[in-house]
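Remarks on the structure that follows.
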Amino acid sequence: MTRTIGGLAQSLSVIRRVLDTDIDAAYAGDPAARSVDEVLLCYPRVTAVIHHRIAHALYRLGAPLIARIIAEIAHSRTGIDIHPGATIGESFFIDHGTGVVIGQTAIIGNRVRIYQVVTLGARSFTTDAHGNLVKDEPRHPIVEDDMTIYAGATILGRITIGKGSVIGGNVWLTRPVPPGSRVSQGKPSVTIESDSSAGWIL
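Residue numbers (the working numbering): 143 to 344.
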């Protein structure tokens, strides 16, 4: 435990520097934000990321239980569920945030923005010869740099979403995406069933 505490203490300056990039990204990316102080003190998604940075450091230092406790404290307070094993780059911004789920082996690059109810999850689980789940196997997405993932998107499995891509709202994605892609759902259709819609332009 002493070694873990010492390791965490040595990591604090790095954690602080990376958190500064996260807070700057949140302020720059939200037109409603009036100040950096407002972002730091009032935004639940920043609270979740602060907890994750500390939990991830403890996870890597060999204290997964403590890390998971910290992650679940953040989850219960913010509605954002980030496993402490997930690797997240700098300038990470969760907009709104409620319902976000990021799995244990997910890897997220730099300058990534995700919106509420986004899931970076596993598509399937490998079992051993006795039918037990194989632990710690890479099974969550790799999200490269400079990406935006809009609300309600679900990305499953160990797939790579290429740099600079944009994933539209409510997209269900289980295959890799090359860099610079735009992924969206089909255009919704509208059926008029009564005269009450007279005068509408659809």
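Note that CB positions come from ideal geometry on N, CA and C, so glycine has one too.
- Here the alpha carbon of Val242 sits roughly 12 Å from the alpha carbon of Pro186.
- In this structure Ala168 is not in contact with Val160, their Cβ atoms being roughly 13 Å apart against a cut-off of 8 Å.
- Sequence-distant partners of Gln327 (beyond 5 residues in either direction) whose C-beta falls short of 8 Å from its own C-beta, in its chain, are Gly310, Gly311, Asn312, Val313.
- In the DSSP assignment, Arg255 falls within the unbroken beta strand (DSSP E) covering 255-257.
- As a beta-bridge residue in DSSP terms, Ile309 pairs with Ile291, Val325.
- Ala271 and Ile165 have their C-alpha atoms some 46 Å from each other.
- Straight-line measurement puts the Cα of Ala190 at about 11 Å from the Cα of His238.
- Residue nearest to Gln246 within the set Thr240, Ile192, Ser218, Arg281 is Arg281 (criterion: CA-CA distance).
- DSSP, read as helix, strand or coil, puts Asp223 in strand.
- By the Cβ-count criterion, Glu286 is buried, with 16 or more other Cβ atoms from all chains shown falling within 10 Å of its own Cβ.
- In this structure Thr269 is exposed. Its beta-carbon is surrounded by fewer than 16 other beta-carbon atoms within 10 angstroms.
- Its chain contains Val242, Ile291, Ala295 as the residues whose beta carbon lies nearer than 6 Å to that of Val260, once the 5 sequence neighbours on both sides are disregarded; these appear in chain order.
- With 16 or more other CB atoms across the displayed protein chains lying within 10 angstroms of its CB, Ser233 is buried.
- Partner residues in a beta bridge of Gly204, as assigned by DSSP, do not exist.
- For Asp164, the enclosing alpha helix (DSSP H) starts and ends at 144-171.
- For Leu182, the enclosing alpha helix (DSSP H) covers residues 178-184.
- Val243 sits in a strand when the DSSP states are folded into three classes.
- In terms of Cβ geometry, Leu315 and Ile334 do not form a close pair [threshold 8 Å].
- Secondary structure of Ile303 (DSSP, three-state): strand.
- Around the beta carbon of Val319, 16 or more other beta carbons lie within 10 angstroms, which makes this residue buried.
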